[in-house]
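If you use our numbering, the sequence shown closes out at 95, no skipped numbers anywhere.
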Amino acid sequence: MANMGSPCVYYLVMDIEVRLFALYKERAGCSEVLMTLEHEANVGDLTREVRSLFPNLAPPDVGIVVAVNADYADLDTPLHEGDEVCLIPPVSGGL
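Structural data, given as structure tokens:
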């Protein structure tokens with residue numbers, strides 16, 4: 001019989017598929033990363049984790065453009081289990 005006085009501990013995490021394109025793909029050495037984040041994580045949390053995992057991905061003063069399920073997202077956009085997140089590097093050039 002279980003000890004009824006023992007606390008229950010639950011670890012609430014979610015898996016997020018992160019796709020990397022162009023320069024980010026080259027710098028990371030892969031095109032996709034499966035990240036495990038805390039249950040209530042947002043885009044800002046994810047970008048901090050990605051920068052920690054791949055320190056040379058982008059300079060700290062350069063914002064990373066993020067799309068969640070094909071829609072551009074702000075840093076405070078919440079993430080959900082199974083979301084597909086794309087990190088899009090800045091594009092330069094012209095005519």
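The beta carbon of each residue, even a glycine, is placed where N, CA and C say it ideally should be.
- Between V43 and A73, is the Cβ-Cβ spacing less than 8 Å? Locating residue 43 in the sequence shown gives position 43, counting from the first residue. Locating residue 73 in the sequence shown gives position 73, counting from the first residue. Closer than 8 Å, so yes.
- Kindly indicate the opening and closing residues of the beta strand (DSSP E) around T36. Mapped onto the sequence shown, residue 36 falls at position 36. Where T36 is concerned, the enclosing beta strand (DSSP E) stretches over 32 to 38.
- Message: In this structure, how does DSSP classify L87 when only helix, strand and coil are distinguished?
- Response: Against the sequence shown, residue 87 aligns to sequence position 87. Strand.
- How would you write the range of the beta strand (DSSP E) that D15 sits in, first residue to last? By one-based count along the sequence shown, residue 15 stands at place 15. Run containing D15: 13 to 20, per the beta strand (DSSP E) assignment.
- Thinking C-beta only, is E17 closer than 8 Å to E32? What you label residue 32 is simply residue 32 of the sequence shown in a count that begins at 1. What you label residue 17 is simply residue 17 of the sequence shown in a count that begins at 1. Yes.
- Message: What does the alpha-carbon distance come out to for the pair V50 and G82?
- Response: Position 50 of the sequence shown, counting from 1, holds the residue named residue 50. Position 82 of the sequence shown, counting from 1, holds the residue named residue 82. Spanning the two alpha carbons is a distance of roughly 17 Å.
- Task: Go ahead and pull the three-state DSSP assignment for V68.
- Result: Position 68 of the sequence shown, counted from the first residue, corresponds to residue 68. Of the three classes helix, strand and coil, the one that applies to V68 here is strand, per DSSP.
- Task: My understanding is that L12 touches E38, with C-beta atoms under 8 Å, so please give their C-beta distance in whole angstroms.
- Result: In the sequence shown, counting from the first residue as 1, residue 12 sits at position 12. In the sequence shown, counting from the first residue as 1, residue 38 sits at position 38. Going by Cβ atoms, the distance from L12 to E38 rounds to 7 Å, so yes, they are a contact pair.
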